[in-house]
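Position 145, counted from 1, in the sequence shown is what full-length UniProt numbering calls 145; the numbers after and before it change by one each time, with no gaps. For every residue, glycine included, the Cβ atom is placed at its ideal position computed from N, Cα and C. None of these values were measured; they are calculated from a predicted model. Read the structure below first, then the notes.
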Amino acid sequence: LQTIFGAIDFIPALQTFLNHHFPCSSVSASNYDWFDVFKSILLILPKNSHVSDLKWLNHLQAHPPIPNHEHCKPAAPAHFDVAFVVKDCDAWKSGTGLDGLQVAQIHVIFKLPSHYGNFTHPLTYIKWFCPLHDPEPTTNLYQLVRSTHNQQCFASVVSMQDVLQA
């Protein structure tokens, strides 16, 4: 996961997630564990009064390059979607627009092995971008800048339930 998916800080990020969600557990994240990894996932987006009352599906992908074994067409390139993630649930529920949300790039979608504890939703290893500020005046678009910690991309493991939209 660390090299193929670019999930350099996977083990420390997973340990932080485990400490938060399973504080009484003595199990530690290890490089020797196996994880069920998914290259894509379909999310049902939450109801948003600004968009529609209909249910919307969002297809998110996170996979390294996929080689073509038939050699008649090129390999599929790596694909790591960018999405909005709920960072502050209270601000998101009570606010409007982008309150409580932060942009992140999805690198690994996986299921937590049962020996870590019971978690009902798939998880994702993400690399954060800095919080959005005002759009650029000339383009009226937001500028994304990687969030870093000690000159490394700031990464986390979060529940796919907190991922909203690509």
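In the DSSP assignment, find the alpha helix (DSSP H) that holds TRP92 and state where it starts and stops. Position 92 of the sequence shown, counted from the start, is the residue given in the question as residue 92. That run of the alpha helix (DSSP H) goes 89 to 94.
_Stretch pair the stretch 150 to 157 + the stretch 121 to 132: three plus CB contacts closer than 8 Å_ = yes
- Task: Please state if the CB of GLY117 and the CB of LEU18 are separated by a distance shorter than 9 Å.
- Result: Taking the sequence shown and counting its residues from 1, one reaches residue 18 at position 18. Taking the sequence shown and counting its residues from 1, one reaches residue 117 at position 117. In contact: LEU18 and GLY117 (Cβ atoms closer than 9 Å).
Q) beta strand (DSSP E) containing THR16: first to last residue? A) For the purposes of this step, residue 16 is taken as the residue at position 16 of the sequence shown. No beta strand (DSSP E) contains THR16, which is instead part of the alpha helix (DSSP H) from 10 to 21.
Could you give the first and the last residue of the continuous beta strand (DSSP E) run that contains ASN31? Taking the sequence shown and counting its residues from 1, the one referred to as residue 31 is at position 31. Element bounds for ASN31: n/a, residue is neither H nor E.
TODO: Per DSSP, which residues does ASN140 bridge with? Please list them.
DONE: Reading the sequence shown from its first residue, position 140 is the one you call residue 140. None, per the DSSP bridge assignment.
For this session: Go ahead and pull the three-state DSSP assignment for HIS115.
Result: Taking the sequence shown and counting its residues from 1, the one referred to as residue 115 is at position 115. HIS115: helix per DSSP, three-state reduction.
Hey, how far is the Cα of VAL86 from the Cα of VAL163?
By one-based count along the sequence shown, residue 86 stands at place 86. By one-based count along the sequence shown, residue 163 stands at place 163. When rounded, the distance between both Cα atoms is 6 Å.
Q. Who pairs with LEU101 in a beta bridge, going by DSSP?
A. For the purposes of this step, residue 101 is taken as the residue at position 101 of the sequence shown. Beta-bridge pairing links LEU101 to VAL86.
Practice problem: Identify every residue that forms a DSSP beta bridge with TRP56. | Solution: In the sequence shown, counting from the first residue as 1, residue 56 sits at position 56. Looking at the DSSP assignment, TRP56 forms no beta bridge with any residue, so it has no partner.
- request: Pull up the CB-CB distance for PHE38 and ILE109, whole angstroms please, since I reckon it's below 8 Å.
  value: Your numbering for residue 38 matches position 38 in the sequence shown. Your numbering for residue 109 matches position 109 in the sequence shown. Indeed, because the Cβ distance is near 4 Å, the residues count as touching under 8 Å.
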